[in-house]
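First residue of the sequence shown? That's 42 in my numbering, and the numbers climb one at a time after it. Working notes for the structure below.
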Amino acid sequence: MFAKNEEENNTIQAFVIENPSEGLQIKSINHKFSLRCATNGNISLKNVFVPEENRLEYGTDFMGTIIVLMKARLGVAWMAAAASVGAYEECLKYCMKRH
């Protein structure tokens, strides 16, 4: 989890939040139209205490966040390519039935 750390001038910090934790709520997103193989959810935090040992040493600035997002880009691109191939195949089946 990336969040502002109020104790350190609102700098962005990376934390590991244990599940379950008091004040942490996770609700699954069901009946999705696409990307059903990926687990998604709404995460709600309210006064969650995170111990010092759960703070990641190198997640201390915006650059750390960007590095994580850069590594995820390839996976996102492959998912988009697979979704477009699936859409094309379904469209082709529909068109062949109609003809």
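No residue lacks a Cβ here, since even glycine has one placed at the ideal position from N, Cα and C.
- Task: Less than 8 Å between the CB atoms is what I'm expecting for residue 44 and residue 105, so what's the real figure, rounded?
- Result: For the purposes of this step, residue 44 is taken as the residue at position 3 of the sequence shown. For the purposes of this step, residue 105 is taken as the residue at position 64 of the sequence shown. The Cβ separation is near 12 Å, so there is no contact.
- Message: Is the separation between the beta-carbon of residue 91 and that of residue 67 shorter than 8 Å?
- Response: The residue you call residue 91 lines up with position 50 of the sequence shown. The residue you call residue 67 lines up with position 26 of the sequence shown. Cβ distance not < 8 Å, so residue 91 and residue 67 don't count as in contact.
- Message: Helix, strand or coil, according to DSSP, for residue 127 in the structure here?
- Response: By 1-based counting over the sequence shown, the position of residue 127 is 86. Correct three-state label for residue 127: helix.
- Message: Helix, strand or coil for residue 97? Go by DSSP, reduced to three states.
- Response: Position 56 of the sequence shown, counted from the first residue, corresponds to residue 97. In the structure shown, residue 97 sits in coil (DSSP, three-state: anything other than H, G, I, E or B).
- Pick helix, strand or coil for residue 107, following the three-state DSSP scheme. The count along the sequence shown starts at 1 and reaches residue 107 at position 66. It is helical.
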